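These notes are about the structure you will find just below.
2 protein chains.
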Amino acid sequence: MSKNCSLAETGELLKAAKKLVIVSHVSPDGDTLGSSLALMHALRALGKDVIMNVDDDISTVYSFLPGIQEYRRFGADETIEADLLVIIDASSADRAGNAMEVVRPGAVLNIDHHKTNTRFADYLYLDSDAAATAEIIYALLLEMGTEFTTDIATCIYEGIYTDTGSFKYSNTTSKTMETAAALLKHGVNPSLVSDNMELRSRSQVEMLRKVLETLTFLKDGKIAYIEIAPELYDRNVDTDAFISYPRYIEGVEIALLFKQPEENLTRVSFRSKEIDVAKIAVSFGGGGHKKAAGCSIYAPMKEAEKIVLQAVEDLFV
Amino acid sequence: MSKNCSLAETGELLKAAKKLVIVSHVSPDGDTLGSSLALMHALRALGKDVIMNVDDDISTVYSFLPGIQEYRRFGADETIEADLLVIIDASSADRAGNAMEVVRPGAVLNIDHHKTNTRFADYLYLDSDAAATAEIIYALLLEMGTEFTTDIATCIYEGIYTDTGSFKYSNTTSKTMETAAALLKHGVNPSLVSDNMELRSRSQVEMLRKVLETLTFLKDGKIAYIEIAPELYDRNVDTDAFISYPRYIEGVEIALLFKQPEENLTRVSFRSKEIDVAKIAVSFGGGGHKKAAGCSIYAPMKEAEKIVLQAVEDLFV
Numbered sequence: 125m126s127k128n129c130s131l132a133e134t135g136e137l138l139k140a141a142k143k144l145v146i147v148s149h150v151s152p153d154g155d156t157l158g159s160s161l162a163l164m165h166a167l168r169a170l171g172k173d174v175i176m177n178v179d180d181d182i183s184t185v186y187s188f189l190p191g192i193q194e195y196r197r198f199g200a201d202e203t204i205e206a207d208l209l210v211i212i213d214a215s216s217a218d219r220a221g222n223a224m225e226v227v228r229p230g231a232v233l234n235i236d237h238h239k240t241n242t243r244f245a246d247y248l249y250l251d252s253d254a255a256a257t258a259e260i261i262y263a264l265l266l267e268m269g270t271e272f273t274t275d276i277a278t279c280i281y282e283g284i285y286t287d288t289g290s291f292k293y294s295n296t297t298s299k300t301m302e303t304a305a306a307l308l309k310h311g312v313n314p315s316l317v318s319d320n321m322e323l324r325s326r327s328q329v330e331m332l333r334k335v336l337e338t339l340t341f342l343k344d345g346k347i348a349y350i351e352i353a354p355e356l357y358d359r360n361v362d363t364d365a366f367i368s369y370p371r372y373i374e375g376v377e378i379a380l381l382f383k384q385p386e387e388n389l390t391r392v393s394f395r396s397k398e399i400d401v402a403k404i405a406v407s408f409g410g411g412g413h414k415k416a417a418g419c420s421i422y423a424p425m426k427e428a429e430k431i432v433l434q435a436v437e438d439l440f441v
Numbered sequence: 125m126s127k128n129c130s131l132a133e134t135g136e137l138l139k140a141a142k143k144l145v146i147v148s149h150v151s152p153d154g155d156t157l158g159s160s161l162a163l164m165h166a167l168r169a170l171g172k173d174v175i176m177n178v179d180d181d182i183s184t185v186y187s188f189l190p191g192i193q194e195y196r197r198f199g200a201d202e203t204i205e206a207d208l209l210v211i212i213d214a215s216s217a218d219r220a221g222n223a224m225e226v227v228r229p230g231a232v233l234n235i236d237h238h239k240t241n242t243r244f245a246d247y248l249y250l251d252s253d254a255a256a257t258a259e260i261i262y263a264l265l266l267e268m269g270t271e272f273t274t275d276i277a278t279c280i281y282e283g284i285y286t287d288t289g290s291f292k293y294s295n296t297t298s299k300t301m302e303t304a305a306a307l308l309k310h311g312v313n314p315s316l317v318s319d320n321m322e323l324r325s326r327s328q329v330e331m332l333r334k335v336l337e338t339l340t341f342l343k344d345g346k347i348a349y350i351e352i353a354p355e356l357y358d359r360n361v362d363t364d365a366f367i368s369y370p371r372y373i374e375g376v377e378i379a380l381l382f383k384q385p386e387e388n389l390t391r392v393s394f395r396s397k398e399i400d401v402a403k404i405a406v407s408f409g410g411g412g413h414k415k416a417a418g419c420s421i422y423a424p425m426k427e428a429e430k431i432v433l434q435a436v437e438d439l440f441v
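Order-wise, the sequence lines are chains P and V. Counting along the first sequence from 1, when you hit position 80 you're at 204 in the working numbering, and nothing is skipped either side. Counting along the second sequence from 1, when you hit position 200 you're at 324 in the working numbering, and nothing is skipped either side.
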């Protein structure tokens with residue numbers, strides 16, 4: 125059980141530490157990366173020794189983020205001493221990868237905005253009203269008196285951009301927009317961010333065309349799903365946006381995407397208009413938000429589809 | 125040649141008129157519709173007699189816009205008396221359709237943000253720094269002391285959303301974001317707007333899959349284009365977003381989309397990363413912005429492709 129921190133206490137914890145390890149969650153996205161990097165830039169400007177870690181590969185679409193080259197993966201047999209282990213945008217310990225084993229910290233601080241947070245760290249700053257963890261980081265750095273460089277602003281903007289789907293999702297508030305306005309004043313180039321985030325490889329467009337062939341409807345078109353066949357799966361091709369295709373078809377209430385990255389592992393993404401899909405994802409050991417969630421099923425894709433689709437269909441009985 | 129108006133003078137012209145016709149441009153998009161409707165709501169709240177006109181069909185994706193049912197097309201033999209004819213977001217007289225023939229106004233007022241504006245009206249309020257005409261309308265209604273209802277705010281938000289590609293394009297400024305923040309405070313539901321704007325029909329997704337099969341690269345992948353075959357063309361299927369597929373492929377500098385709505389008429393859309401495609405579009409009698417433009421060629425698609433692609437390829441010699 126974590127001790128809840130105020131923003132000021134969180135800032136004090138960070139300022140008191142000399143050596144920090146900042147951890148982004150596995151399957152890293154723009155929010156965990158942008159938030160972590162903004163914090164790194166701010167702490168290094170204060171003369172701190174900061175190590176950046178993510179226990180996963182990082183998609184090349186994030187190459188434009190200032191400082192992204194600082195990330196490294198820890199070997200399982202490594203031991204790293206640190207004053208503070210800071211885990212960003214991860215709602216549970218397993219999302220931190222091997223950092224909790226490798227790092228011997230004075231304390232663990234978790235900064236997050238997921239309401240499904242499991243309170244695994246010593247200290248927790250949780251704001252589940254924040255559209256993105258990056259929105260928290262913006263408030264935190266203001267609190268800490270950070271000088272906002274264009275690099276810091278760009279990293280925070282990236283996090284907000286990612287978790288609001290470029291200001292499209294219902295979590296976008298006037299506060300989100302005011303933060304974005306302030307970040308633009310600090311020199312963020314909005315089309316640099318979006319052009320990079322929208323960028324697709326030829327193979328991605330080619331894969332999209334093939335995946336769209338699998339589009340299937342259930343329950344009179346209220347459920348739609350697509351799948352990335354195992355023989356089509358390529359971990360170097362970013363398919364995160366593919367789920368928007370079933371999601372945004374007229375009449376669809378719940379959209380799903382299935383993919384099989386390993387022989388007995390299926391990853392499922394859920395999106396919905398109104399129904400709480402986090403509940404379904406949590407029931408399969410996953411997590412997420414009301415309208416966007418995910419889980420992993422330790423079974424081949426076709427088997428996983430049967431189980432998950434049954435659970436989703438049962439919602440419409 | 126138009127008389128340039130200040131925002132205050134524009135407000136005075138509108139307030140002085142009792143009967144107004146508000147015209148959205150042909151091939152109506154979210155900016156011309158949202159801007160026009162916001163102005164309609166504001167003027168009707170002042171007790172004005174307002175007629176809404178667009179000389180074209182309106183896509184069903186705009187059905188959620190408050191007041192959209194007020195639009196009507198004018199018959200060629202109609203005559204309408206009005207104190208003021210207000211033409212919104214149209215850079216030239218032909219974009220207004222038949223309103224300039226049908227309406228006998230005291231004066232014509234044009235409110236626009238296109239730098240290619242041809243100054244065809246009696247009075248012009250032009251701000252080519254505005255991300256959208258809707259941004260001008262927001263400032264105008266503030267100037268006029270309008271009470272912002274959720275309906276007005278939603279219409280303005282729609283215009284900004286459309287012309288910034290949901291805050292992705294380089295025209296997005298801190299002012300844009302501050303305007304969006306203010307509109308959200310007036311009750312705009314951001315996901316209502318985006319969910320409607322993102323909504324696709326099944327046939328649209330099906331068409332996308334087929335159109336992606338036509339994806340062709342020229343000049344070592346610097347040019348990419350797609351085409352909607354005449355036999356696939358369906359005016360009821362919105363294909364505006366299709367050009368983002370060639371546009372956002374790694375290495376592409378200029379993207380094009382060709383479609384043939386009538387036997388001897390080809391419509392061409394241009395998008396670019398840096399190169400000024402408005403110049404090319406204007407050279408074929410079209411218009412637009414530096415990074416997003418369009419033109420019509422009075423020839424079958426294959427013939428139009430030959431001419432236009434040659435002109436685009438010549439840019440890379």
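Yeah, the Cβ is synthetic: ideal placement off N, Cα and C, and Gly gets one too. As the structure is a computational prediction, the values presented were derived from the model and not from experiment.
Presumed contact (8 Å Cβ cut-off) between P/G135 and P/H165, rounded CB distance: As a working mapping, residue 135 of chain P is identified with position 11 in the first sequence. As a working mapping, residue 165 of chain P is identified with position 41 in the first sequence. With a Cβ gap of about 15 Å, P/G135 and P/H165 do not count as contacting.
Which residue marks the beginning of the alpha helix (DSSP H) containing V/N320, and which one marks its end? Walking along the second sequence from the start, residue 320 of chain V turns up at place 196. V/N320 -> alpha helix (DSSP H) spans 314 to 322.
Distance check for P/E377 and P/I347, CA to CA, integer angstroms please. Sequence index remark: in the first sequence, residue 347 of chain P carries index 223 (1-based). Sequence index remark: in the first sequence, residue 377 of chain P carries index 253 (1-based). In a straight line, the C-alpha of P/I347 is about 6 Å away from that of P/E377.
Could you tell me the distance, in whole angstroms, from the CA atom of V/G154 to the CA atom of P/I146? Looking up residue 154 of chain V in the second sequence gives position 30. Looking up residue 146 of chain P in the first sequence gives position 22. CA-to-CA, the gap between V/G154 and P/I146 works out to about 43 Å.
Is V/L308 a contact residue of the ligand MG, with contact defined as CB to any heavy atom under 7 Å? In terms of ligand content, the structure shown is empty, and the ligand MG therefore cannot be addressed.
Nearest-angstrom Cα separation, counted from P/A416 out to V/N318: To locate residue 318 of chain V, count along the second sequence from 1; it is residue 194. To locate residue 416 of chain P, count along the first sequence from 1; it is residue 292. The question names Asn, yet the displayed sequence has Ser at residue 318 of chain V. V/S318 and P/A416 have their alpha carbons spaced roughly 15 Å apart.
Output the boundary residues of the beta strand (DSSP E) element that contains P/V232. Looking up residue 232 of chain P in the first sequence gives position 108. Per DSSP, P/V232 belongs to the beta strand (DSSP E) from 227 to 236.
Contact criterion: CB-CB distance below 8 Å. Does V/F291 meet it with respect to chain P? Within the second sequence, the letter at position 167 stands for residue 291 of chain V. Output row for V/F291: interface = yes.
What residues in its chain sit with their C-beta under 6 Å from that of P/K414, if we drop five residues either side in the sequence? As a first step, residue 414 of chain P is located in the first sequence; it is residue number 290 there, counting from the start. By the criterion of a C-beta distance shorter than 6 Å, P/K414 is surrounded in its chain by D400, A402, once the five residues flanking it on both sides are discounted.
Using a 10 Å radius around the Cβ and a threshold of 16 neighbouring Cβ atoms, would you call P/M425 buried or exposed? For the purposes of this step, residue 425 of chain P is taken as residue 301 along the first sequence, with counting starting at 1. Burial call: buried.
Could you check the C-alpha separation between V/P385 and P/M331 for me, to the nearest Å? Counted from its first residue, the second sequence places residue 385 of chain V at position 261. Counted from its first residue, the first sequence places residue 331 of chain P at position 207. Each residue's Cα considered, the two are about 29 Å apart.
For P/D218, the nearest candidate out of P/S183, P/V178, P/G199 (CA to CA): Stepping through the first sequence from its first residue, residue 218 of chain P is reached at position 94. The shortest C-alpha to C-alpha distance from P/D218 to any of P/S183, P/V178, P/G199 is the one to P/V178.
Taking 8 Å as the cut-off, does the segment 292 to 312 of chain P touch the segment 251 to 260 of chain P (at least 3 CB pairs, one atom from each stretch)? These segments touch.
With a Cβ-Cβ cutoff of 8 Å, do V/L380 and V/V361 count as a contact? Against the second sequence, residue 380 of chain V aligns to sequence position 256. Against the second sequence, residue 361 of chain V aligns to sequence position 237. Not closer than 8 Å, so no.
What is the rounded straight-line gap between the Cα of V/K172 and the Cα of V/M268? For the purposes of this step, residue 172 of chain V is taken as the residue at position 48 of the second sequence. For the purposes of this step, residue 268 of chain V is taken as the residue at position 144 of the second sequence. C-alpha separation (whole angstroms): 14 Å.
Beta-carbon neighbours of P/K309, restricted to chain V and to distances below 7 Å: Here residue 309 of chain P refers to the residue found at position 185 of the first sequence. Within 7 Å Cβ-Cβ: S298.
Residue range of the alpha helix (DSSP H) that P/M164 falls in? Residue 164 of chain P sits at position 40 when you count from the first residue of the first sequence. Segment 154 to 169, the alpha helix (DSSP H) holding P/M164.
Run through DSSP, which three-state label would P/L419 get? For this step, residue 419 of chain P is matched to residue 295 along the first sequence. Looking at the sequence provided, one finds Cys at residue 419 of chain P rather than Leu. If DSSP states are grouped into helix, strand and coil, P/C419 belongs with the strands.
Chain-ordered neighbours of V/S318 on chain P, where CB pairs are closer than 7 Å: Along the second sequence, one-based indexing puts residue 318 of chain V at 194. Here the neighbours are K292.
Rounded to a whole number of angstroms, what is the C-alpha to C-alpha distance between V/F408 and V/T184? Residue 408 of chain V sits at position 284 when you count from the first residue of the second sequence. Residue 184 of chain V sits at position 60 when you count from the first residue of the second sequence. Using only the alpha carbons, I get a separation of about 30 Å.
My output table needs one value for V/T240: the three-state DSSP class, helix, strand or coil. Looking up residue 240 of chain V in the second sequence gives position 116. If DSSP states are grouped into helix, strand and coil, V/T240 belongs with coil.
Does any CB atom of chain V fall closer than 8 Å to the CB of P/M425? Locating residue 425 of chain P in the first sequence gives position 301, where the first residue counts as 1. For P/M425, the answer is no, since every Cβ of chain V falls outside 8 Å of its Cβ.
V/K142 and P/S290: beta carbons closer than 8 Å? In the second sequence, counting from the first residue as 1, residue 142 of chain V sits at position 18. In the first sequence, counting from the first residue as 1, residue 290 of chain P sits at position 166. V/K142 is not a Cβ neighbour of P/S290, given a cutoff of 8 Å.
Taking all protein chains shown into account, decide if P/R196 is buried (16 or more other Cβ within 10 angstroms of its Cβ) or exposed. Within the first sequence, residue 196 of chain P is the residue found at index 72, counting from 1. Classification of P/R196: exposed, given that the 10 Å Cβ count is below 16.
What distance in whole Å lies between the Cβ atoms of P/T242 and P/V226, which are believed to be in contact at a cut-off of 8 Å? Within the first sequence, the letter at position 102 stands for residue 226 of chain P. Within the first sequence, the letter at position 118 stands for residue 242 of chain P. Actually they are not in contact, since the Cβ atoms of P/V226 and P/T242 sit about 20 Å apart, beyond 8 Å.
Just to confirm my understanding: we take V/F366, look at its own chain, exclude 5 residues before and 5 after, and list those with CB closer than 7 Å. What are they? Position 242 of the second sequence, counted from the first residue, corresponds to residue 366 of chain V. Scanning its chain for C-beta atoms nearer than 7 Å, with the 5 sequence neighbours on each side dropped, one finds around V/F366 the residues L332, V335, I350, L381, in chain order.
For P/L308, which option in P/T296, P/T286, P/R326, P/I280 has the closest C-alpha, if you only look at C-alpha atoms? Looking up residue 308 of chain P in the first sequence gives position 184. For P/L308, the closest of P/T296, P/T286, P/R326, P/I280 by C-alpha to C-alpha distance is P/I280.
Run through DSSP, which three-state label would V/G283 get? The sequence position of residue 283 of chain V within the second sequence is 159, counting from 1. The answer is helix: DSSP assigns V/G283 an H, G or I state.
For the beta strand (DSSP E) containing P/L356, list its first residue and its last residue. The residue you call residue 356 of chain P lines up with position 232 of the first sequence. Annotation for P/L356: no beta strand (DSSP E) segment contains it, and DSSP assigns it neither H nor E.
CB-CB length for V/H149 against V/D213, believed under 8 Å: The sequence position of residue 149 of chain V within the second sequence is 25, counting from 1. The sequence position of residue 213 of chain V within the second sequence is 89, counting from 1. Between V/D213 and V/H149 the Cβ distance is about 6 Å, and since that is below 8 Å, they are a contact.
Which residue comes first and which comes last in the alpha helix (DSSP H) that contains V/A405? Walking along the second sequence from the start, residue 405 of chain V turns up at place 281. Judged by DSSP secondary structure, V/A405 falls within the alpha helix (DSSP H) whose first and last residues are 401 to 407.
What does DSSP give as the partner residues of P/Y249 in its beta bridges? Within the first sequence, the letter at position 125 stands for residue 249 of chain P. Per DSSP, P/I235.
Report, in whole angstroms, the separation of the C-beta atoms of P/M176 and P/E194, which I expect to be a contact under 8 Å. Taking the first sequence and counting its residues from 1, the one referred to as residue 176 of chain P is at position 52. Taking the first sequence and counting its residues from 1, the one referred to as residue 194 of chain P is at position 70. About 4 Å; that satisfies the 8 Å criterion.
Residues, ordered as in the chain, of the segment 340 to 355 of chain P that lie near chain V by beta-carbon distance below 7 Å: Hits within the stretch: zero.
In angstroms with no decimal places, state the Cα-to-Cα distance between P/A405 and P/F394. Looking up residue 405 of chain P in the first sequence gives position 281. Looking up residue 394 of chain P in the first sequence gives position 270. Straight-line Cα distance between these residues: approximately 8 Å.
Flag P/E302 as yes if its beta-carbon sits less than 8 Å from any beta-carbon of chain V, otherwise no. Along the first sequence, read from residue 1 onward, the residue named residue 302 of chain P stands at position 178. Interface residue (Cβ-Cβ distance to chain V less than 8 Å): P/E302 is classified as such.
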